[in-house]
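The structure appears right after this line, and notes come after that.
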Amino acid sequence: MSDMTLDQPNSVNVAPAGGMTADLVVIGAGGAGLPAAITAQEHGLDRVVVLEKRPLVGGNAGMSGGFLFSVQSRSQREAGLGNSPDTVFRDTMAYHHYDGVDPRLVRLWVDEADETVNWLEDRGIGYRPMTGVDLGVEPSGWSNHPGSFQRVMEELSKHFTAKGGQILTRAAAAEIIGSPDTGVSAVVADTRDGRITIQTPRVVLATGGFTGNVELLHEKFPGVYDEDVYWTDTKRLAGDGIALAGAVGADTGGRSFLIKENCYSFKTKKNKPNRAGMEPRCLWVNARGDRFLDESLGRVNATTNALIVQPGMAGFALFDDDLVQYVIEQPDPFAGEARPGEEDPGTWIAGGYRTTLRDTLADPANKDWCVSANDWSEIAHWIGADPEALGATVQEYNGYCDAGRDALWAKDPEHLVPLRKPPFYALRFRPLMIDTAGPLRIDQHLRVLDPQSRPIPGLFGAGSVVGGWIGLDEHRFGTPLSWAISSGRIAGIRAATG
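According to the working numbering, the sequence shown is numbered sequentially starting from 122.
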């Protein structure tokens, strides 16, 4: 991103008193909304207005590190990586058991993923193949820590406003005027200067998920969501787009899914080894002291389903001192805390951590999340497990390590390391809420559907407010951001070209 100037504030326009007219109104200036606005401009719509209820653009896309799912992007092909889109499509449908996903939307996402990467690269945003993965790309030439994609969102907003687009921040859409029969005719918005009405024949809904709507989370995900357990670093969105679409006749009863990840510790990202439990050589147990998963699979998002059925939806990663020393000597920024280049680099240095994992796990100030002890019985008491039960689990696991074969979970022998050297350590972890998907329904042209599956004229949906592109679990790393940008791009094109 060498040609990006990122220190300037976002360029926005003050809403005129009373009202205005637009060719298109995009509701939401996030990962789907800004691409929709830009592509609509590029395909002939001159008067495009973006409404963003928050003070800044970016949405939850700005919270990401910029990793994207892709199949055969330019950089992947140059590296001899990638796969057939048809193979990826078949694999994805089978992964979801053909349940909760619309094949036409999955096909759209797979087919457009590479063009999304190219689209960003053409705007000076560098990417390279994701390390160790055949499908997907990661930032090149810019930081990839959580929150770094906000810079990209700011740059996209500059592209849009430089070509005459208008972004109204602190402008909350209050109503979409229209019906399934007549289509969209206007959007009513509450701005910092009062209520305005924007006459428009087209609207793209890109309001994001409902990670901040506790009542709706419980309604959609009974027995899965618990606000006292899940942590999230997303912006707590209320799901405004659902009610807006419902009032104009859209079907709001479609399937919804909770996008989640495994193994997250602490309640802050500052200087904490939030993902240290993902060290594949540690041992995972639940509050009863029972092992419940192959620990090397922690980065597979579907394994979160094994975590949320444990007592208290909690797991405990166990280490001995040798393993902790190994982590210190070979730090993994993904499993640790701060990344190089962050505004507050915290404890990260090139040779490891100034405040090491050992220091963090042994710090009494962190007693709600971790503990150190000279024997496993003390660890068991902290977990709340029967010491004999935990001792038996550790003994069984060490036996598997000695034998070089995990007779229970078939963990890769490379990761089988016995835990015998005190002090011993335990780190509590829980699920992380990434986003929600749905419940609005769309067709392959990104048109929002009514309960009879008829498209509402002029109303398009993109990003997390719609469903059908993902099922129970995230199959490919980088899917949510890839879908947001891809669906936003296509919604903008469809809105412009009909």
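Note that the Cβ used here is the ideal one computed from N, Cα and C, for glycine as well.
All values derive from a computational prediction rather than experimental measurement.
Residue i classed as buried or exposed, judged by whether at least 16 other C-beta atoms fall within 10 angstroms
i	result
Asn495	exposed
Glu458	Any reading at Glu458 must be qualified, since the residue scores a pLDDT of 39, below 50, and its modelled position is unreliable; the value itself is stated next. Glu458 should be labelled buried.
Lys174	buried
Val406	buried
Ser574	exposed
Thr389	exposed
Arg526	exposed
Gly472	Any reading at Gly472 needs caution, since the residue's pLDDT is 41, under 50, leaving its predicted position unreliable; the model's value is listed next. The residue in question, Gly472, is exposed, as its Cβ has fewer than 16 Cβ neighbours within 10 Å.
Pro394	buried
Lys532	buried
Val445	buried
Gly462	In this prediction, Gly462 has a pLDDT of 39, which is less than 50 and means its spatial position is unreliable; what the coordinates show is noted afterwards. When all chains shown are included, Gly462 counts as exposed.
Arg316	exposed
Beta-carbon contacts of residue i that lie in its chain and below 6 Å, excluding the five residues immediately before and after
i	result
Asp442	Lys542 and Pro544
Tyr93	Given that the chain is displayed from residue 122 to residue 619, the structure contains no residue 93 and the question cannot be resolved.
Asn334	Ala359 and Gly360
Glu464	With a pLDDT of 39 at Glu464, under the threshold of 50, the modelled position of this residue cannot be trusted; read the value that follows with caution. Closer than 6 Å at the Cβ level, and outside the excluded window around Glu464, lies no residue.
Ala153	Ala327, Ala583, Gly584, Ala605, Ser608 and Gly609
His217	Gly592
Asp235	Ser191, Val192, Gln193 and Ser194
Phe440	Cys403 and Tyr546
Separation of residue j from residue i, as counted between CA atoms
i	j	result
Thr600	Thr208	16 Å
Gly165	Met399	48 Å
Glu259	Phe270	11 Å
His339	Tyr346	6 Å
Ala605	Thr557	12 Å
Gly561	Asp223	Note that residue 561 is Leu in the sequence shown here, rather than Gly. Cα-Cα distance, rounded: 13 Å.
Arg198	Arg249	10 Å
Gly410	Ala510	6 Å
Val369	Ile298	7 Å
Arg313	His266	33 Å
Ala150	Asn383	29 Å
Val515	Pro534	17 Å
Ile246	Thr424	32 Å
Ala478	Phe437	This sequence places Leu at residue 478; Ala is not what is there. Approximately 15 Å, taken between the alpha carbons.
Trp230	Gly375	19 Å
Arg211	Leu226	13 Å
Ala486	Tyr546	15 Å
Ile611	Ala157	7 Å
Val324	Ala427	40 Å
Gly613	Gly619	10 Å
Thr396	Leu548	Residue identity check: residue 396 is Arg in the sequence provided, not Thr. If you take the alpha carbons of Arg396 and Leu548, they lie about 10 Å apart.
Gly262	Arg244	14 Å
Lys284	Leu602	25 Å
Gly203	Ala161	30 Å
Asp220	Asp594	11 Å
Start and end residues, alpha helix (DSSP H) containing residue i
i	result
Glu236	Pro224 to Glu242
Ala446	What sits at residue 446 in the sequence shown is Gln, not Ala. Asp442 to Glu450 is the extent of the alpha helix (DSSP H) around Gln446.
Asn383	Note, Asn383: premise wrong, no alpha helix (DSSP H); beta strand (DSSP E) at Phe378 to Tyr385.
Gln573	No alpha helix (DSSP H) contains Gln573, which DSSP labels as neither H nor E.
Met274	Phe270 to Ala283
Gln565	Counting along the chain, Gln565 falls outside any alpha helix (DSSP H), and DSSP gives it neither H nor E.
Cys491	Looking at the DSSP string, Cys491 is not in any alpha helix (DSSP H); the run it does join, the beta strand (DSSP E), is Cys491 to Ala494.
Ile429	From DSSP, Ile429 is part of no alpha helix (DSSP H); its letter is neither H nor E.
Ile363	Asp361 to Ala368
Trp503	Trp497 to Ile504
Span of the beta strand (DSSP E) around residue i
i	result
Asp556	Phe545 to Ala558
Arg597	Run containing Arg597: none; DSSP gives neither H nor E here.
Thr318	Gly315 to Gln320
Ala307	Gly304 to Thr312
Pro250	Tyr248 to Pro250
Gly299	Ala293 to Ser300
Val171	Val169 to Glu173
Ile148	Leu145 to Ile148
Pro206	No beta strand (DSSP E) contains Pro206, which is instead part of the alpha helix (DSSP H) from Pro206 to Tyr216.
Thr514	Note, Thr514: premise wrong, no beta strand (DSSP E); alpha helix (DSSP H) at Pro508 to Ala524.
Residues near residue i in its chain [Cβ-Cβ closer than 7 Å; skip 5 each side]
i	result
Ser196	Tyr248, Arg249, Pro250 and Val258
Pro301	Gly370, Asp571, Arg575 and Ile577
Spatial neighbours of residue i in its chain, beta-carbon cut-off 8 Å, leaving aside the 5 residues before and after
i	result
Pro576	Asp564, His566, Arg568, Val569 and Leu570
Gly344	none
Subject >> contact_flag[the region 306 to 318, the region 180 to 189] where n(CB pairs < 8 Å) is 3 or more >> reply: The answer is no - the region 180 to 189 does not touch the region 306 to 318, with fewer than three Cβ pairs under 8 Å.
Original post:
Is it true that the region 574 to 590 meets the region 410 to 422, where meeting means three or more beta-carbon pairs spaced less than 8 Å apart?
Top reply: The region 574 to 590 vs the region 410 to 422: no contact.
**OP:** Flag this pair as touching only if the region 562 to 571 and the region 507 to 522 have three or more C-beta atom pairs under 8 Å; answer yes or no.
**Re:** Judged by Cβ distances under 8 Å, the region 562 to 571 makes no contact with the region 507 to 522, as fewer than three pairs qualify.
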